[in-house]
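To keep things clear, I will list the structure first and then write my remarks on it.
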Amino acid sequence: MAMNRSLHVILAMFTLCSGSVFAAEPCIHYAQEVKLSGYVEVRTFFGPPNYGENPKTDSRQVQSMLFLDEPVCATAAPNAIQYDEDERDQIEVTLRTESPSSALTSLAGKHVTVTGKLEHAESGYDNSKLILSSAKLIESTERKAILDALRPQAASQAGQVVRIKVDRLNISNEWAILVGEIVAPEGQKLDWSLAKDCEAELDKMLWVILNKTAGQWRVKDMTICASEPPWWYFNDTDLTLPCEVYDGLESPEEGQPFGFLAARCRALKTNTAVTENRKKIGP
């Protein structure tokens, strides 16, 4: 009996902590390949020889930065040969590419997902504490396939040929969420009177959920003229997709973190896992 009571106490504490400690994301590791998502920012910093001490003569360096969907922590991997300082609540990462960075600078203000090797800054001249070296976009081929998959259905709903303007594209585990808007071909204007179930005077957001099956992206849900973000009205039971696809979808409530929906999804899945483990252990 005493053992059962002790087990109940431990499980109760485990459940209480699940909304905080266990909902936290694990730290990413230096010198390992990582995947990060956020908005590209292009900034100009003072460079050699004196990095701003002599503004008239110091060079300028254009640098691509990634403003992350949510803060991350970084630490050395177990048994790492090199020690780098732990960092927490980092929201910016410097992007370094092996090829000319024009591909990244052209994406300024766009949401992207990149992979690369995580490094710690060597000095304050690195402009951020975390650096992603050999950074590569991983959405370029998927992006084209996704746009090709949704464009015909968007055109059908609009009653005319359209182009797709992408504000956010999140991809994870064969699922994707795209947020943007439909626009007319170059030099033309959309005629909203041709569109199905669209009010001409209201704001119009494109909202699409897609799934990749048998190597092909297929539209599961699409709205071409949402007057408000559909996710504002999501219940917990609606968060069934991989949590990463909800990254960066903002809350309608003031004071909520930018990635609140993804964080809520992760907390729900953690709590569900805790409950299932408790049932397996039994009374």
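Going left to right, the sequence shown walks through residues -23 to -1, 1 to 260 as mature numbering (1 follows the signal peptide of the UniProt record, and there is no 0) numbers them. Idealized CB from N, CA, C, for every residue including glycine. Keep in mind the model is a prediction, meaning the values are calculated, not measured.
When K121, D168 and G136 are compared against L146, the one with the closest alpha-carbon: As a first step, residue 146 must be located in the sequence shown, where it is residue number 169. Each of K121, D168 and G136 was checked against the Cα of L146, and the nearest Cα belongs to K121.
Do the region 163 to 183 and the region 118 to 138 meet, that is, are 3 or more Cβ pairs less than 8 angstroms apart? In this structure the region 163 to 183 touches the region 118 to 138; the number of beta carbon pairs closer than 8 angstroms is three or more.
Strictly by DSSP, which residues pair up with N147? Counting from 1 along the sequence shown, the entry for residue 147 is found at position 170. For N147, the pairing in a beta bridge is given by DSSP as I154.
So what does N188 bridge to, in DSSP terms? What you label residue 188 is simply residue 211 of the sequence shown in a count that begins at 1. Looking at the DSSP assignment, N188 forms a beta bridge with W152 and R195.
If distances are taken between C-alpha atoms only, which option among W152, I154, V160 and N150 comes closest to I141? As a first step, residue 141 is located in the sequence shown; it is residue number 164 there, counting from the start. For the set W152, I154, V160 and N150, the Cα lying nearest the Cα of I141 is the one of V160.
Applying the 10 Å Cβ sphere with the 16-neighbour rule, what's the burial state of D198? Along the sequence shown, read from residue 1 onward, the residue named residue 198 stands at position 221. Answer is exposed; the Cβ neighbour count stays below 16.
How many whole angstroms separate the CB atoms of E69 and S105, which I take to be in contact at a CB cut-off of 8 angstroms? In the sequence shown, residue 69 corresponds to position 92, counting from 1. In the sequence shown, residue 105 corresponds to position 128, counting from 1. Cβ-Cβ separation between E69 and S105: approximately 5 angstroms, consistent with a contact (criterion under 8 angstroms).
What's the C-alpha gap between W209 and A85? By 1-based counting over the sequence shown, the position of residue 209 is 232. By 1-based counting over the sequence shown, the position of residue 85 is 108. One C-alpha to the other measures close to 27 angstroms.
Can you list, in chain order, the residues of its chain whose CB lies under 7 angstroms from that of I5, leaving out five sequence neighbours each side? Taking the sequence shown and counting its residues from 1, one reaches residue 5 at position 28. Correct list, in chain order: V11, V49, A51 and L95.
Going by the beta-carbon positions, is the gap between residue 261 and S149 smaller than 8 angstroms? In this structure the chain extends from -23 to 260, so residue 261 is not present and cannot be described.
Hey, out of E47, T200 and T217, whose CA is closest to Q67's CA? The residue given as residue 67 occupies position 90 in the sequence shown. The closest CA to that of Q67, considering only E47, T200 and T217, is found on E47.
Looking only at C-alpha atoms, which of S100, Y102 and L43 sits nearest to S93? Locating residue 93 in the sequence shown gives position 116, counting from the first residue. Reading the sequence as shown, one finds Gly at residue 93 and not Ser. Taking the Cα of G93 as reference, the smallest distance to any Cα among S100, Y102 and L43 is reached at L43.
Range covered by the beta strand (DSSP E) that runs through F211: Locating residue 211 in the sequence shown gives position 234, where the first residue counts as 1. No residue range can be given for F211, since it is assigned to no beta strand (DSSP E) and is classified by DSSP as neither H nor E.
Restricting to runs no shorter than 3 residues, where is the beta strand (DSSP E) found entirely within the region 11 to 68? Taken in chain order, the complete beta strand (DSSP E) segments of 3 residues or longer contained in the region 11 to 68 are 37 to 52.
Pairwise C-alpha distance: F211 and L226: If you number the sequence shown from 1, residue 226 lands on position 249. If you number the sequence shown from 1, residue 211 lands on position 234. Straight-line Cα distance between these residues: approximately 11 angstroms.
Tell whether a beta-carbon distance below 8 angstroms holds between L187 and I123. Indexing the sequence shown from 1 puts residue 187 at position 210. Indexing the sequence shown from 1 puts residue 123 at position 146. Closer than 8 angstroms, so yes.
Please report the residue range of the beta strand (DSSP E) in which V91 lies. Counted from its first residue, the sequence shown places residue 91 at position 114. Taken as a continuous stretch (DSSP letters only), the beta strand (DSSP E) holding V91 covers H88 to H97.
Quick one: residues in its chain with C-beta nearer than 6 angstroms to the C-beta of R65, no 5 flanking neighbours on either side, listed in chain order? Along the sequence shown, read from residue 1 onward, the residue named residue 65 stands at position 88. A distance below 6 angstroms between beta-carbons, with the five flanking residues on each side excluded, links R65 to the following residues of its chain, in chain order: C50.
Straight-line CA distance for T82 to S41? As a position in the sequence shown, residue 82 is number 105, starting the count at 1. As a position in the sequence shown, residue 41 is number 64, starting the count at 1. Whole-angstrom Cα-Cα distance: 6 angstroms.
Could you check what DSSP says for V222 in three-state terms: helix, strand or coil? Against the sequence shown, residue 222 aligns to sequence position 245. Taken through DSSP and simplified to helix, strand or coil, V222 comes out as helix.
Helix, strand or coil for S(-6) per DSSP? Residue numbering aside, residue -6 sits at position 18 when the sequence shown is read from its first letter. Low confidence applies to S(-6): its pLDDT is 38, below 50, so where it sits in the model is not reliable, and the reading given next is rough at best. If DSSP states are grouped into helix, strand and coil, S(-6) belongs with coil.
Take Y102 and list the residues in its own chain whose beta-carbon comes closer than 6 angstroms to its own, dropping the five residues that flank it on each side. Reading the sequence shown from its first residue, position 125 is the one you call residue 102. Here the set comprises Y28.
Buried or exposed for G192, going by 16 or more other Cβ atoms inside 10 Å? Counted from its first residue, the sequence shown places residue 192 at position 215. So G192 ends up on the exposed side.
Compute the beta-carbon to beta-carbon distance between V91 and A112, rounded to the nearest angstrom, for a pair I have assumed lies under 8 angstroms. Against the sequence shown, residue 91 aligns to sequence position 114. Against the sequence shown, residue 112 aligns to sequence position 135. Indeed they touch by this definition, with Cβ atoms about 5 angstroms apart.
Rounded C-alpha distance that separates A244 from E151: By one-based count along the sequence shown, residue 244 stands at place 267. By one-based count along the sequence shown, residue 151 stands at place 174. The alpha-carbon atoms of A244 and E151 are separated by roughly 21 angstroms.
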